[in-house]
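Residue numbers (this note's numbering), protein chains in the order written: chain F, 277 to 562; chain R, 277 to 562; chain H, 277 to 562; chain L, 277 to 562. Idealized CB from N, CA, C, for every residue including glycine. The block underneath contains the structure these notes are about, expressed in structure tokens.
Number of protein chains: 4
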Amino acid sequence: MSSVLLLSCPDQQGVVAATAEAIAAHGANIIHAEQYVRGEVGSDGSVFFQRMVFDLVRDGTSATSFLESFKPVAQRFDMTVELRDMARPTPTAIMCSKQPHCLYDLLTRWRSGELPMDLRVVISNHDDHRDIAEHMSVPFVHLPVSKETKPEQEAAVLATLAEHDVELVVMARYMQILSDDFIAHYPMKIINIHHSFLPAFIGANPYRQAHERGVKLIGATAHYATADLDEGPIIAQDTAHVSHREDVAQLTARGRDVETVVLARAVRAHLDHRVAVHGHQTIVYS
Amino acid sequence: MSSVLLLSCPDQQGVVAATAEAIAAHGANIIHAEQYVRGEVGSDGSVFFQRMVFDLVRDGTSATSFLESFKPVAQRFDMTVELRDMARPTPTAIMCSKQPHCLYDLLTRWRSGELPMDLRVVISNHDDHRDIAEHMSVPFVHLPVSKETKPEQEAAVLATLAEHDVELVVMARYMQILSDDFIAHYPMKIINIHHSFLPAFIGANPYRQAHERGVKLIGATAHYATADLDEGPIIAQDTAHVSHREDVAQLTARGRDVETVVLARAVRAHLDHRVAVHGHQTIVYS
Amino acid sequence: MSSVLLLSCPDQQGVVAATAEAIAAHGANIIHAEQYVRGEVGSDGSVFFQRMVFDLVRDGTSATSFLESFKPVAQRFDMTVELRDMARPTPTAIMCSKQPHCLYDLLTRWRSGELPMDLRVVISNHDDHRDIAEHMSVPFVHLPVSKETKPEQEAAVLATLAEHDVELVVMARYMQILSDDFIAHYPMKIINIHHSFLPAFIGANPYRQAHERGVKLIGATAHYATADLDEGPIIAQDTAHVSHREDVAQLTARGRDVETVVLARAVRAHLDHRVAVHGHQTIVYS
Amino acid sequence: MSSVLLLSCPDQQGVVAATAEAIAAHGANIIHAEQYVRGEVGSDGSVFFQRMVFDLVRDGTSATSFLESFKPVAQRFDMTVELRDMARPTPTAIMCSKQPHCLYDLLTRWRSGELPMDLRVVISNHDDHRDIAEHMSVPFVHLPVSKETKPEQEAAVLATLAEHDVELVVMARYMQILSDDFIAHYPMKIINIHHSFLPAFIGANPYRQAHERGVKLIGATAHYATADLDEGPIIAQDTAHVSHREDVAQLTARGRDVETVVLARAVRAHLDHRVAVHGHQTIVYS
Numbered sequence: 277m278s279s280v281l282l283l284s285c286p287d288q289q290g291v292v293a294a295t296a297e298a299i300a301a302h303g304a305n306i307i308h309a310e311q312y313v314r315g316e317v318g319s320d321g322s323v324f325f326q327r328m329v330f331d332l333v334r335d336g337t338s339a340t341s342f343l344e345s346f347k348p349v350a351q352r353f354d355m356t357v358e359l360r361d362m363a364r365p366t367p368t369a370i371m372c373s374k375q376p377h378c379l380y381d382l383l384t385r386w387r388s389g390e391l392p393m394d395l396r397v398v399i400s401n402h403d404d405h406r407d408i409a410e411h412m413s414v415p416f417v418h419l420p421v422s423k424e425t426k427p428e429q430e431a432a433v434l435a436t437l438a439e440h441d442v443e444l445v446v447m448a449r450y451m452q453i454l455s456d457d458f459i460a461h462y463p464m465k466i467i468n469i470h471h472s473f474l475p476a477f478i479g480a481n482p483y484r485q486a487h488e489r490g491v492k493l494i495g496a497t498a499h500y501a502t503a504d505l506d507e508g509p510i511i512a513q514d515t516a517h518v519s520h521r522e523d524v525a526q527l528t529a530r531g532r533d534v535e536t537v538v539l540a541r542a543v544r545a546h547l548d549h550r551v552a553v554h555g556h557q558t559i560v561y562s
Numbered sequence: 277m278s279s280v281l282l283l284s285c286p287d288q289q290g291v292v293a294a295t296a297e298a299i300a301a302h303g304a305n306i307i308h309a310e311q312y313v314r315g316e317v318g319s320d321g322s323v324f325f326q327r328m329v330f331d332l333v334r335d336g337t338s339a340t341s342f343l344e345s346f347k348p349v350a351q352r353f354d355m356t357v358e359l360r361d362m363a364r365p366t367p368t369a370i371m372c373s374k375q376p377h378c379l380y381d382l383l384t385r386w387r388s389g390e391l392p393m394d395l396r397v398v399i400s401n402h403d404d405h406r407d408i409a410e411h412m413s414v415p416f417v418h419l420p421v422s423k424e425t426k427p428e429q430e431a432a433v434l435a436t437l438a439e440h441d442v443e444l445v446v447m448a449r450y451m452q453i454l455s456d457d458f459i460a461h462y463p464m465k466i467i468n469i470h471h472s473f474l475p476a477f478i479g480a481n482p483y484r485q486a487h488e489r490g491v492k493l494i495g496a497t498a499h500y501a502t503a504d505l506d507e508g509p510i511i512a513q514d515t516a517h518v519s520h521r522e523d524v525a526q527l528t529a530r531g532r533d534v535e536t537v538v539l540a541r542a543v544r545a546h547l548d549h550r551v552a553v554h555g556h557q558t559i560v561y562s
Numbered sequence: 277m278s279s280v281l282l283l284s285c286p287d288q289q290g291v292v293a294a295t296a297e298a299i300a301a302h303g304a305n306i307i308h309a310e311q312y313v314r315g316e317v318g319s320d321g322s323v324f325f326q327r328m329v330f331d332l333v334r335d336g337t338s339a340t341s342f343l344e345s346f347k348p349v350a351q352r353f354d355m356t357v358e359l360r361d362m363a364r365p366t367p368t369a370i371m372c373s374k375q376p377h378c379l380y381d382l383l384t385r386w387r388s389g390e391l392p393m394d395l396r397v398v399i400s401n402h403d404d405h406r407d408i409a410e411h412m413s414v415p416f417v418h419l420p421v422s423k424e425t426k427p428e429q430e431a432a433v434l435a436t437l438a439e440h441d442v443e444l445v446v447m448a449r450y451m452q453i454l455s456d457d458f459i460a461h462y463p464m465k466i467i468n469i470h471h472s473f474l475p476a477f478i479g480a481n482p483y484r485q486a487h488e489r490g491v492k493l494i495g496a497t498a499h500y501a502t503a504d505l506d507e508g509p510i511i512a513q514d515t516a517h518v519s520h521r522e523d524v525a526q527l528t529a530r531g532r533d534v535e536t537v538v539l540a541r542a543v544r545a546h547l548d549h550r551v552a553v554h555g556h557q558t559i560v561y562s
Numbered sequence: 277m278s279s280v281l282l283l284s285c286p287d288q289q290g291v292v293a294a295t296a297e298a299i300a301a302h303g304a305n306i307i308h309a310e311q312y313v314r315g316e317v318g319s320d321g322s323v324f325f326q327r328m329v330f331d332l333v334r335d336g337t338s339a340t341s342f343l344e345s346f347k348p349v350a351q352r353f354d355m356t357v358e359l360r361d362m363a364r365p366t367p368t369a370i371m372c373s374k375q376p377h378c379l380y381d382l383l384t385r386w387r388s389g390e391l392p393m394d395l396r397v398v399i400s401n402h403d404d405h406r407d408i409a410e411h412m413s414v415p416f417v418h419l420p421v422s423k424e425t426k427p428e429q430e431a432a433v434l435a436t437l438a439e440h441d442v443e444l445v446v447m448a449r450y451m452q453i454l455s456d457d458f459i460a461h462y463p464m465k466i467i468n469i470h471h472s473f474l475p476a477f478i479g480a481n482p483y484r485q486a487h488e489r490g491v492k493l494i495g496a497t498a499h500y501a502t503a504d505l506d507e508g509p510i511i512a513q514d515t516a517h518v519s520h521r522e523d524v525a526q527l528t529a530r531g532r533d534v535e536t537v538v539l540a541r542a543v544r545a546h547l548d549h550r551v552a553v554h555g556h557q558t559i560v561y562s
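Have a look at this one:
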């Protein structure tokens, strides 16, 4: 049973050694360790980030006992510490609208065991994809929304998420702008896919904007949803070459492949506990 | 001796046949033909673009005689027509500043015969690269510039370009903003490399902007310089993956490779007479 | 209603004009034209390839009447001619085994209208994916195979394909080697996805081979199945960067994404009538 | 002054902690640490690799004193240890032939300070690039070679490398096959660029082979030279999309850009002390 320790603290001498030592003292086998210093090493204000994957191999050790024994180190270096259990897949909800590509892709990956995701529910403002969700034995909740009913609908979505104890919400082209209030319930726990290479083409109809600008690449950006629309910390991005030949419909079709791949990459990074957030930036461990 | 015919006209039935027929009637061998309709085929306002490469193989034919014989077709379809001679490399100037990467790359490609460019002169506001230019027997003109001397300097640059009968100006990270007046002398004949994936990170210090936004890709854009800064028709773009690990200096280094490749790709497309401009968009023939 | 004319003939002067003229004379509107000469233009043995997309807009014209009127041109230039109807999606079968990724992807694209494919049947040597096929109302035929039963099983597959009037067979990781006899029934009508960048890692377990060789890229190749295993004409290929960190299982997982995208790209090119075969090479029109 | 510690040993519990502790005890600041276990963690035969970058910040510490104090840890875990000094650029020779692209690119990167390389000499079997080398004040040694003179020429090359105390030899399209004896003088210290995606198209004329096979991608591979030609440990690889349109000459031109970028990437990894070799595979730290 592997555990993941995610920590950050002011950059200081000796922190790597102290952490490694604490893990070794607990009889654990370090499988993977990665660290990163934001800012210049040794300078004021620089921040140390680390992700350690380790196996608790000694009898009688547990995540709880480890965290207890790690406390002195955490306090000494003023650390923020999170411990995650790799054997426990994250309870997840997918929100979608009419477009199927991201939803189908995530369902396929989940069903084939590729994503460590405990998929609890699919929520949509349209009823289109009930069949595939239910076919895969995933509860499907249809919650239509209009300008007038938005507050009620969001309350119903929140209730559904709570009912299923969801810890990650994946917006697989949900196409609705979530209220700040909604987002505040799941800080850095909502992943959205924006259909452009942010910060280019913020806002509506990015493929139309891209076509009008005559760009030679289209892109997609997966990011955590924050109150500032399209300003959330970016987890993954990619682009694909396009030519003058492609009209808006063709750019949109080409873009679907990029969106699908980028969203899956971001979701996987999150589920692997490889993403840390610092301000409006992410550290994505390898 | 291959000729390139670049034409555009309102989209009409029969235009492909009429053009092919006119070329065949002149005893020419069509080597390559590519066409594109902007807008819906057959609808009002749609525009037809074509690039034909052909060899005049019959005795006594010439570019001049061909153009003469092509006139009736051009008039019938209300065509804009340009005829280029593949055997004549385009007289070109490179403008650079202190950064060497794009300059060196273009010089290497030119010297190894890879680019059909008649390199006449290198112009710079710094004297740094005189040695390499002169080493390759290319005249180097040092024209320093300051806020106060900008009008005089631009006049001197224009005089140098005129003296060398330059038809293409490549801004290989020249780093100075050209005046509208300057640009008006070389419409769609100045290629600039912008160190971001436009329209993201318009303006100064795009790598710093990219770092602050926490993007996972950096990019570069080669475009024709127009009065609207960074709004010129895009010829080529590309991106490269980056991670949180890269600071501004590293992003800048990584970006240099992308800039170099993208600028070379755009310059080559222009020199091959493969670029047509429509509004603020390009058609880049394959 | 658009038609696609695919032709090839010995390269000769006047062929472009003659074809365009014949189409124009039939009152058709040429939407797209692309040509290619294999070998040096004008030299012996060089071959001319062309793909024309056109609309028959005049009353009373049809594919049949067009082919009739095109005959003199075809004979004059010794052309091989095929006419395809863009409005008629190609009757297609998907063959799969246990792995779901390519099957699910093709089903999703087909169901969302992205692929002009008339999906008639899914055939598999395992019963695993009956549910998803039937859920989408596609007949699913389970034909298990062993060394001993291979001839009978292939006969049953052929009978199923015949019964459904299939014109394209997509092997979505079918994992069985088809007999030469089987392949001879569908020349250049069976698309296979090989899980390596051919010709590297021909044969079994390419990801294991790749891992042992320590490559920094993995790839996938979509090709027409021919009697020479893994030697069929290549339609599409792509690669993805990998590092020393990835073990065989991880390479395999990474590879699935490449396989999925490459197979879809090849199938789409075939369905769009954009692929011509010459020897063991393909011309893939843009 | 940063130091790089490269180590490998049988995978054992406690090794990460022991190493970090030893560095901290010496008053050093760990800037970057990366580790990798080849094989399954905790299983027999698995090997632990680590790269640590650290600053010796305490007065009186030095690389020598560090290595001395590190000995007990190294012995306890049966480590292979190398300590490199980031402030000391590696003495390097470039060997080239007639093709300029890789040579010019490396010279440009070196001259602009991008590569931490102490370029001592350029050696070539042709005199073509004497001018650019000497222009940049790098000694150029012309050592022509023929079948008959190969042993003498290799002896002369070895003498030149020895005279300049070279520790890295970069074969920038040198085009000659080095003898096993020559290679034995510089084990894992000769980087070669092969103009294909190895193991595809081993041997001569890979672009011709690629054209004949009709591939849709071309590639390049940078690897350490070993006695088994084209079987050396791979450091970097990349590919570029090509189409049926490109003939052998065009594939070759397209390939040059890939070769240039891939070689530079491999050379930089080596110069940054980011490459470890295990069998015929590499670990390339990030």
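Below 8 angstroms on the Cβ atoms is my guess for residue 293 of chain L versus residue 353 of chain L; work out the distance and round it to an integer in Å. Approximately 11 angstroms separates the beta-carbon atoms of residue 293 of chain L and residue 353 of chain L; this is outside 8 angstroms, ruling out the contact.
Span of the beta strand (DSSP E) around residue 366 of chain L: Segment 366–372, the beta strand (DSSP E) holding residue 366 of chain L.
For residue 342 of chain R versus residue 476 of chain F, is the C-beta distance shorter than 8 angstroms? No. Outside cutoff.
At 3 residues or longer, what runs of the beta strand (DSSP E) sit wholly inside the segment 319–403 of chain H? Fully enclosed beta strand (DSSP E) runs of 3 or longer: 323–332, 356–361, 366–372 and 393–400.
With distances taken Cα to Cα, identify the nearest neighbour of residue 538 of chain L among L:448, L:333, L:461 and L:458. Checking every option, the nearest Cα to that of residue 538 of chain L belongs to L:448.
Are the C-beta atoms of residue 512 of chain H and some chain L residue less than 8 angstroms apart? For residue 512 of chain H, the closest Cβ of chain L is nearer than 8 angstroms.
Alpha carbon to alpha carbon, how far is residue 491 of chain F from residue 562 of chain R? Give it in angstroms, no decimals. Looking at the two C-alpha atoms, the distance is approximately 16 angstroms.
How many Å lie between residue 406 of chain L and residue 382 of chain L at the Cα? Rounded to the nearest whole angstrom, the C-alpha separation of residue 406 of chain L and residue 382 of chain L is 15 angstroms.
Minimum Cβ-Cβ distance from residue 418 of chain F to chain H less than 8 angstroms: False, the Cβ-Cβ gap to chain H never drops below 8 angstroms.
Since I believe residue 386 of chain L is in contact with residue 395 of chain L (beta carbons under 8 angstroms), could you give me their beta-carbon distance rounded to a whole number of angstroms? Indeed they touch by this definition, with Cβ atoms about 5 angstroms apart.
Should residue 509 of chain L be flagged as near chain H, meaning a C-beta pair shorter than 8 angstroms? At least one chain H Cβ lies under 8 angstroms of residue 509 of chain L.
What first and last residue would you give for the beta strand (DSSP E) that runs through residue 510 of chain H? It spans 510–517 - the beta strand (DSSP E) in which residue 510 of chain H sits, taken as one unbroken run.
Among H:320, H:282 and H:306, the one whose alpha carbon lies nearest that of residue 289 of chain H: Selected option, being the one with the closest Cα: H:320.
Using a C-beta to C-beta distance shorter than 8 angstroms, which residues of chain H count as neighbours of residue 318 of chain R? Counting only Cβ-Cβ distances below 8 angstroms, residue 318 of chain R has contacts in chain H at 305, 331 and 333, in chain order.
Cβ of residue 529 of chain H within 8 angstroms of any chain F Cβ: For residue 529 of chain H, the answer is yes, since a Cβ of chain F falls inside 8 angstroms of its Cβ.
Classify residue 455 of chain H: buried if its beta carbon has 16 or more other beta carbons within 10 angstroms, exposed otherwise. Classification for residue 455 of chain H: exposed.
With 16 as the cutoff for other CB atoms within 10 Å, does residue 496 of chain F come out buried or exposed? Answer is buried; the Cβ neighbour count reaches 16.
Along chain R, which residues have their Cβ under 8 angstroms away from the Cβ of residue 476 of chain F? In chain order: 473, 474, 475 and 476.
Should residue 453 of chain L be labelled buried (16 or more other beta-carbon atoms within 10 Å of its own) or exposed? Taking all protein chains in view, the Cβ of residue 453 of chain L is surrounded by fewer than 16 other Cβ atoms within 10 Å, so the residue is classified as exposed.
Contact between the segment 325–344 of chain H and the segment 545–557 of chain H is defined here as three or more beta-carbon pairs at a separation below 8 angstroms; is this criterion met? Yes, they touch.
Flag this pair as yes or no: are the beta carbons of residue 511 of chain F and residue 436 of chain F separated by less than 8 angstroms? Here residue 511 of chain F is not near residue 436 of chain F, since their CB atoms are 8 angstroms or more apart.
Three-state class that DSSP yields for residue 560 of chain R in the structure shown: Reduced to three states, the DSSP call for residue 560 of chain R is strand.
Given residue 401 of chain H as reference, the closest of H:478, H:375 and H:460 once Cα atoms are compared: Among H:478, H:375 and H:460, the Cα nearest to that of residue 401 of chain H belongs to H:375.
Say whether the segment 300–318 of chain F touches the segment 356–369 of chain F, bearing in mind that this needs 3 or more beta-carbon pairs closer than 8 angstroms, one atom from each stretch. Contact fails between the segment 300–318 of chain F and the segment 356–369 of chain F, because fewer than three Cβ pairs, one in each stretch, are under 8 angstroms apart.
Span of the beta strand (DSSP E) around residue 314 of chain F: Per DSSP, the unbroken beta strand (DSSP E) holding residue 314 of chain F starts and ends at 304–314.
Strictly under 8 angstroms for the Cβ-Cβ distance: is residue 519 of chain F near chain R by that measure? Yes, residue 519 of chain F lies at the interface with chain R (some Cβ there is under 8 angstroms from its Cβ).
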